[in-house]
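Everything below concerns the one structure shown next.
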Amino acid sequence: MSALVSEVGTRTAAAANNLVKVYGKGDTAVRALDGVNVAFQAGRFTAIMGPSGSGKSTLMHCLAGLDNVNSGAVHIGQTEITRLNDRDLTKLRRDRIGFVFQAFNLLPTLTAEQNILLGLELAGRKPDRQWFNTIVDVLGLRDRLSHRPTELSGGQQQRVACARALVARPEVIFADEPTGNLDSRSGAEVLDFLRMSVRKLGQTVIMVTHDPVAASYADRVVLLADGRLAGEIHEPTAQSVISALTRLGA
Ligand SMILES: Nc1ncnc2c1ncn2[C@@H]1O[C@H](COP(=O)(O)OP(=O)(O)OP(=O)(O)O)[C@@H](O)[C@H]1O
Numbered sequence: 001m002s003a004l005v006s007e008v009g010t011r012t013a014a015a016a017n018n019l020v021k022v023y024g025k026g027d028t029a030v031r032a033l034d035g036v037n038v039a040f041q042a043g044r045f046t047a048i049m050g051p052s053g054s055g056k057s058t059l060m061h062c063l064a065g066l067d068n069v070n071s072g073a074v075h076i077g078q079t080e081i082t083r084l085n086d087r088d089l090t091k092l093r094r095d096r097i098g099f100v101f102q103a104f105n106l107l108p109t110l111t112a113e114q115n116i117l118l119g120l121e122l123a124g125r126k127p128d129r130q131w132f133n134t135i136v137d138v139l140g141l142r143d144r145l146s147h148r149p150t151e152l153s154g155g156q157q158q159r160v161a162c163a164r165a166l167v168a169r170p171e172v173i174f175a176d177e178p179t180g181n182l183d184s185r186s187g188a189e190v191l192d193f194l195r196m197s198v199r200k201l202g203q204t205v206i207m208v209t210h211d212p213v214a215a216s217y218a219d220r221v222v223l224l225a226d227g228r229l230a231g232e233i234h235e236p237t238a239q240s241v242i243s244a245l246t247r248l249g250a
């Protein structure tokens, strides 16, 4: 496999070069990322998969600027985020990256609409109402906008979290096990939406998942094992993902 997994002729939305992340020191040190080289194209839906402990969450956190690295570089677009100070990194995360977490992470005292718009408000940006309406309608949230999170199902809460991630038109959306807390039907709705946001709305999504069915919604699966890149699958099916994971001993 080539050192840098990428496709010629497409714009790179995020990339890791020789990324090393070590937790702890001395005898107890864990090399969670051991020289990872990977690029993620703009306008694609990529899933990161691998056995438990292979470094998926660590890679996502480093790519998204949520965790610092020991060596190597992370780029978001043209920006080398591993060179930014904390203030600029916080700004970059706020302005250029969207997040969808397993636990939804909505603010309980705010309505769905307020949750969706909070990030823009904090950034002092005016929402594009047409875009907001498009997202709300596509996600089927129109009649839920005045509800608080406790008045919404898990699937609806995750759709609100997707809308919140998308409303600022981020360069990249990072989704960490977005269907982990959902039943299969609600999970399928969220995955359908993430795929549609890439195909129809031109977004870029990078998702960590344990679930081969979830990964099959992506355009490409990147496989990790022991903190290293262990392969990739284009146009994955649940079966091709299961076979690859079996080969990795997952
Ligand atoms: N904060 C931490 N301190 C020490 N070790 C850590 C820390 N976070 C992760 N690790 C270790 O780094 C390695 C990679 O962990 P990571 O969570 O990235 O893997 P993962 O592939 O996402 O795992 P899982 O599928 O189980 O969620 C593991 O050996 C883990 O125990």
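Each residue of the sequence shown is one higher than the last, beginning at 1 in full-length UniProt numbering. Built from N, CA and C at the ideal position, the CB exists for glycine as well. Since the model is a prediction, treat every value here as computed from it, not as a measurement.
What are the boundary residues of the beta strand (DSSP E) that PHE99 is part of?
Here the beta strand (DSSP E) through PHE99 covers 97-101.
Evaluate ASP143 with the Cβ neighbour count: other Cβ atoms within 10 Å of its Cβ, from every protein chain shown; 16 or more gives buried, anything less gives exposed.
By the neighbour-count rule (16 or more Cβ atoms within 10 Å), ASP143 is not buried but exposed.
Cβ neighbours of HIS147 in the same chain (closer than 7 Å, five flanking residues each side left out)
Listed in chain order, the non-local C-beta contacts of HIS147 below 7 Å within the same chain comprise THR111, ALA112, local neighbours out to five positions each way being set aside.
Pick from SER186, LEU33, VAL172 that is closest to GLN157, judged by C-alpha positions:
That would be SER186, whose Cα lies nearest to the Cα of GLN157.
Ligand 1 heavy atoms versus the CB of LYS56: any closer than 8 Å?
Taking 8 Å as the cut-off, the C-beta of LYS56 counts as close to a heavy atom of ligand 1.
ASN115: buried (16+ other C-beta within 10 angstroms of its C-beta) or exposed?
That one is buried.
Check whether the Cβ of HIS210 sits closer than 8 Å to any heavy atom of ligand 1, and report yes or no.
Correct: HIS210 has its Cβ closer than 8 Å to ligand 1.
How many angstroms separate the CA atom of THR58 from the CA atom of ALA32?
Cα atoms of THR58 and ALA32: separation of roughly 7 Å, rounded to the nearest angstrom.
Are there 16 or more other CB atoms within 10 angstroms of the CB of LYS56, so buried, or fewer, so exposed?
Buried, by the Cβ-count rule.
Terminal residues of the alpha helix (DSSP H) in which ASP192 lies:
Residues 184-199.
In this structure, what does DSSP give as the bridge partners for LYS56?
Residue pairing by DSSP places LYS56 in no beta bridge whatsoever.
Answer yes or no: do GLY72 and GLY24 have a C-beta to C-beta separation smaller than 9 Å?
Going by C-beta atoms, GLY72 is not nearer than 9 Å to GLY24.
Answer yes or no: do LEU194 and PHE99 have a C-beta to C-beta separation smaller than 9 Å?
Not in contact: LEU194 and PHE99 (Cβ atoms no closer than 9 Å).
Please determine, among THR10, ASP27, ALA39, the residue with the shortest C-alpha to C-alpha distance to ALA16.
Distance check between ALA16 and each of THR10, ASP27, ALA39 places ALA39 closest, using alpha-carbon atoms only.
Under DSSP, the beta strand (DSSP E) around VAL38 begins and ends at which residues?
Residues 30-41.
In angstroms with no decimal places, state the Cα-to-Cα distance between LEU19 and ALA64.
Looking at the two C-alpha atoms, the distance is approximately 13 Å.
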